[in-house]
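Q: Residues in the sequence shown are numbered from 1 upward in steps of one, following UniProt numbering.
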Amino acid sequence: GGDPVTCLWEFDVTAGTERLIVDPGDAAEDLSPAEATRRERAREQSTGVTAYATDRAATTAAYALSGRLWLADLGAPRTTELPAAGPVVEPRPDPLGSTVAYVSGGSLRVIGVDGSGDRALATPEGPDVTYGLPEHVAAESMGRHRGFWWAPDGSRLLVARVDNAPVERWYIADPADPAKPPAAIAYPAAGTRNADVSLWIVGLDGGRVAVDWDRVALEYVTAVCWSGSEPLIAVQSRSQKTMRVLAVDPLTGATRLRREDTDPYWVQIVPGVPALTGSGRLVWTADLDDGRRLLVDDLPVTPPGLQVRQVVGVDGETVLFTASAEPTEIGLWTYAPDTGAAPFADAPGVHHGYRAGGTTVVVTRSLDHDGARVTVHRDGRPASSIASHAERPVLTPKVHLLRAGEGELRTAVLFPAGHTPGSRRLPVLMDPYGGPAGQRVLAARDQFLVSQWFADRGFAVVVADGRGTPGRGPAWEREIYGDRAALALTDQVAALHAAAERHPDLDLDRVGIRGWSFGGFLAALAVLREPGVFHAAVAGAPVTDQRLYDTHWNERFLGHPDENPEAYDRSSLLADAEHLRRPLMLIHGLADDNVFAAHTLRLSSALTAAGRPHTVLPLPDATHMTPQEEIAENILVLQAEFLERALGTDRRD
1 GGDPVTCLWE FDVTAGTERL IVDPGDAAED LSPAEATRRE RAREQSTGVT
51 AYATDRAATT AAYALSGRLW LADLGAPRTT ELPAAGPVVE PRPDPLGSTV
101 AYVSGGSLRV IGVDGSGDRA LATPEGPDVT YGLPEHVAAE SMGRHRGFWW
151 APDGSRLLVA RVDNAPVERW YIADPADPAK PPAAIAYPAA GTRNADVSLW
201 IVGLDGGRVA VDWDRVALEY VTAVCWSGSE PLIAVQSRSQ KTMRVLAVDP
251 LTGATRLRRE DTDPYWVQIV PGVPALTGSG RLVWTADLDD GRRLLVDDLP
301 VTPPGLQVRQ VVGVDGETVL FTASAEPTEI GLWTYAPDTG AAPFADAPGV
351 HHGYRAGGTT VVVTRSLDHD GARVTVHRDG RPASSIASHA ERPVLTPKVH
401 LLRAGEGELR TAVLFPAGHT PGSRRLPVLM DPYGGPAGQR VLAARDQFLV
451 SQWFADRGFA VVVADGRGTP GRGPAWEREI YGDRAALALT DQVAALHAAA
501 ERHPDLDLDR VGIRGWSFGG FLAALAVLRE PGVFHAAVAG APVTDQRLYD
551 THWNERFLGH PDENPEAYDR SSLLADAEHL RRPLMLIHGL ADDNVFAAHT
601 LRLSSALTAA GRPHTVLPLP DATHMTPQEE IAENILVLQA EFLERALGTD
651 RRD
């Protein structure tokens, strides 16, 4: 139902039965700053057991609750609290299940599964240093949420040491509590220095050796895999035009090159690689033949037209991965040497999966049903289903998909429930994200729940994915290089006009646009640069000045601001403030440590200086993802009412 507390369950593949392992109850959580940051970067909004890890045989599972370390014996089942030094973050058992490693106070520590021997293996040398945690850009922009990895035999760990001393300090104050000191955040804005990240092989006796590579030329650690005798690390240059996969000698820390990729724009980070098959073959991806192809030991094993999105499991010689031939659909595929690449789940919809030990779990979303359906496939056995207890939505999105304009922009159109074509003209609400971090137009019903909610208030809602969004291949993604504004806005206009040609009920004299993060940037951009097309906008947490966003993300698309300042000027909004002629609402969480509130405040200041009226809605204590349910709900209502007033819409029409 609507219970936000996550419990830990076990599904017996042979018997097809479920068993409750851990129910944390509904007690309020006490989160450490490190755990709160982990959840923010992972966009985790639930409570309870939000993360867990098991040993290789899945006999024990470790998890943290309110900074305390718990171990679940999955055979009993029973749970035991271990006397670890708190607050605990990221507990992980070793592959053999005898020791649990975790981070506390920036130290990497271990404790026996029997509760004995708790000790620090690596302790910070100063207040700016942590061991075992990712730095900001790794967790926010690279998708690397881990900072330590066990050796397969549990004898040692590969550990990230992060020194934030070189990083500029930004400060977040709470205006609602002026007595509270501001929080200092190490934030590497574009063009400034990054954290100093090094890797160390650490033994259980505390002995350690440094991993040796050219950290000046290749300062980013994008991924780590330790499934064979040697760990693999993927390292990337500051420009992101070079990436290398290095094998590490666990005894000496020396490295040797396994693969190098270069690109005139950037080398894309693909989740799940590098990886190794059971025989030690390197699993990787490369942009070839206008596609993103799966490689096994440098040999392309997927068809040229298939866009590989993520490697989700390597089980022996079998590789499980997600890929798209059509960008609105995501299929689940396998590759094995004897069968080649073949679809595992490719029915219409969006599929994800996991595989280990001959068992494959498939998670399917589609336009035909609510939520996710989970099936479990064991080699040689019929598939089983895991029941979903998710609350059924109170509305059902009815999605019309089309390919808009010459660019065949994947676009969705939604109408109010019960709308009869030709019965009335409807105000239009564009509801994009539109940026490289996310794709909105997917064949999954729950993608459009909020859009349908706006539609049921009387709008025709149009959602479009333009150039730069994922799923259509490397060339499509790279078209925005050097300018994140012009093509993104052009594509929204093209999708709007194409949707109106297909659906004449769309009233182009009443067009609003809303969005969050990059979508918020795009919404503000629309009314500033295309006021003849867009008549009102709501911009949530917009990036208004590209120089205020982080190094890894923005330098990927715009280069270094000292070398390419014009790209940052073209893609920022402050200079456009004097052009505002339409109603604009800016919404921002004052505790946002990803897109700082300075973005909205600087645009508001520029608008005020230009004499342009606008609305600002500040959200005290809210972060970038605004997890508070009451605030998230009321923000939607306030947006709808603002747009209705601005567009002169009477909901009784």
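All C-beta atoms, glycine included, are put in the ideal place defined by N, C-alpha and C.
(1) Report back the beta-carbon spacing between alanine 464 and alanine 495 to the nearest angstrom; my notes put them in contact at under 8 Å.
(2) Note down the Cα distance separating proline 542 from leucine 586, rounded to an integer number of angstroms.
(3) Could you spell out the range, first to last residue, of the alpha helix (DSSP H) harbouring aspartate 569?
(4) What would DSSP say about histidine 419, mapped onto helix, strand or coil?
(5) Can you look up aspartate 653 in the DSSP assignment and give me helix, strand or coil?
(6) Residues bridged to glycine 10 by DSSP?
(7) Going by C-alpha distance, which of Tyr102, Glu35, Ala179, Arg169 is nearest alanine 139?
(8) What whole-angstrom Cβ distance do valine 450 and leucine 647 have, given they're in contact under 8 Å?
(9) Can you give me the Cβ contacts of phenylalanine 534 inside the same chain, cut-off strictly under 6 Å, excluding the 5 residues immediately before and after it?
(10) To the nearest angstrom, how far is it from the Cα of alanine 437 to the Cα of proline 470?
(11) Is it the case that the Cβ atoms of arginine 403 and leucine 395 are separated by a distance below 8 Å?
(12) Report yes if the C-beta distance between alanine 498 and leucine 508 is below 8 Å; otherwise report no.
(13) DSSP puts histidine 503 in a beta bridge; with which residues?
(14) Do aspartate 128 and asparagine 164 have their CB atoms nearer than 8 Å?
(15) Rounded to whole angstroms, how far is the Cβ of residue 665 from the Cβ of valine 221, which I believe are closer than 8 Å?
(16) Roughly how many angstroms separate the alpha carbons of arginine 378 and alanine 57, rounded to a whole number?
(17) Once you ignore the five residues that flank glycine 278 on each side, which residues in its own chain have a CB closer than 7 Å to its CB?
(18) Cα separation between aspartate 289 and glutamine 628?
(19) Going by CA-CA distance only, name the one from Pro264, Asp263, Val267, Trp284 that's closest to valine 273.
(20) Do leucine 442 and valine 350 come within 8 Å of each other at the CB atom, strictly closer than that value?
(21) Could you pull the start and end residues of the alpha helix (DSSP H) that glutamine 452 belongs to?
(22) Reducing DSSP to helix, strand and coil, say where histidine 400 ends up.
(23) For alanine 183, count neighbouring C-beta atoms within 10 Å of its own C-beta (all shown protein chains included) and say buried if the count is 16 or more, exposed if not.
(24) Please report the distance separating the alpha-carbon of arginine 652 from that of glutamate 633.
(25) By Cβ distance, which residues of its chain are closer than 7 Å to histidine 419, with the 5 residues on each side in sequence left out?
(26) Who are histidine 351's beta bridge partners in DSSP?
(27) Is it true that the CB of valine 209 sits closer than 8 Å to the CB of threonine 252?
(28) Could you check the C-alpha separation between alanine 179 and glycine 589 for me, to the nearest Å?
(29) Between glycine 371 and alanine 345, is the Cβ-Cβ spacing less than 8 Å?
(30) Within its chain, find whatever has a CB closer than 7 Å to the CB of threonine 54; leave out the 5 residues flanking it on each side and keep chain order.
(31) Taking contact to mean at least 3 C-beta pairs separated by less than 8 Å, is the region 38–52 in contact with the region 95–104?
(32) Assuming leucine 617 and leucine 603 form a contact by the criterion Cβ under 8 Å, report the distance between their Cβ atoms to the nearest whole angstrom.
(33) Could you tell me which uninterrupted alpha helix (DSSP H) segments, each at least 4 residues in length, are contained entirely in the region 99–132, listed from first to last along the chain?
(34) Could you have a look at serine 198 and say whether DSSP puts it in helix, strand or coil?
A: Put simply:
(1) 3 Å
(2) 8 Å
(3) 565–570
(4) coil
(5) Because the pLDDT of aspartate 653 is 43, which lies under 50, any placement of that residue in the model is unreliable, and the number read from its coordinates should be weighed accordingly. Three-state DSSP puts aspartate 653 in coil, outside helix and strand.
(6) This sequence places glutamate at residue 10; glycine is not what is there. DSSP output for glutamate 10 lists Arg19 as bridge partner(s).
(7) Glu35
(8) Not confirmed; about 18 Å, so no contact.
(9) Val511, Ile513, Ala526, Val527
(10) 7 Å
(11) no
(12) no
(13) Bridge partners of histidine 503: none, in fact.
(14) yes
(15) This structure leaves residue 665 out entirely; the chain is present only between 1 and 653.
(16) 16 Å
(17) Gly316, Glu317
(18) 45 Å
(19) Trp284
(20) yes
(21) 449–455
(22) strand
(23) exposed
(24) Because the pLDDT at arginine 652 is just 43, under 50, the model does not fix this residue reliably, and the value given afterwards should be weighed accordingly. In a straight line, the C-alpha of arginine 652 is about 22 Å away from that of glutamate 633.
(25) none
(26) Thr364
(27) yes
(28) 19 Å
(29) no
(30) Thr60, Ala61, Pro93
(31) no
(32) Not a contact, Cβ separation roughly 13 Å.
(33) none
(34) strand
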